[in-house]
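Here the structure comes first, spelled out in structure tokens, and everything after it is commentary.
In full-length UniProt numbering, the protein residues as written are 1 to 96.
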């Protein structure tokens, strides 16, 4: 069970009851990786992995900085294991 199971199987661990739109979280064995997941009204499983969480938080922080009109530069660091699509999104959409 844990984060690896949820990511590979794309479903909640056995014995975890899913409530529609209830946010669930799982971590890996040493708790250095976090995943959120939920099931929507159509019983579709949704997974938010570290790359997705990072882009959501970065986008939110960028909106706050813009609204504040402060001159602050933000950065987002990814590991070499990051999803290439998320890297492209960050470079081509989030920062443009």
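Just so it is clear, CB atoms sit at the ideal spot from N, CA and C, and this is done for glycine as well.
Practice task
Identify every residue that forms a DSSP beta bridge with residue 39.
Solution key: Taking the chain shown and counting its residues from 1, the one referred to as residue 39 is at position 39. The partner list for residue 39 (beta bridge, DSSP) reads 45.
Exercise for the section: Could you say if the region 3 to 10 and the region 27 to 39 meet the contact criterion of at least three C-beta pairs nearer than 8 Å? Expected result: yes
Problem - Alpha carbon of residue 13 to alpha carbon of residue 69, nearest angstrom - result: Numbered from its first residue, the chain shown carries residue 13 at position 13. Numbered from its first residue, the chain shown carries residue 69 at position 69. Cα to Cα, residue 13 sits roughly 44 Å from residue 69.
Practice task
Find out if the Cβ-Cβ distance for the pair residue 62, residue 74 is shorter than 8 Å.
Solution key: Here residue 62 is taken as the residue at index 62 of the chain shown, counted from 1. Here residue 74 is taken as the residue at index 74 of the chain shown, counted from 1. In contact: residue 62 and residue 74 (Cβ atoms closer than 8 Å).
Practice task
Can you tell me which of 9, 44, 50 puts its alpha carbon nearest to the alpha carbon of residue 81?
Solution key: Stepping through the chain shown from its first residue, residue 81 is reached at position 81. Cα-wise, what sits closest to residue 81 is 50.
Problem - Best match in 60, 55, 72, 66 for proximity to residue 85 [C-alpha to C-alpha] - result: Locating residue 85 in the chain shown gives position 85, where the first residue counts as 1. Here the closest residue by C-alpha is 55.
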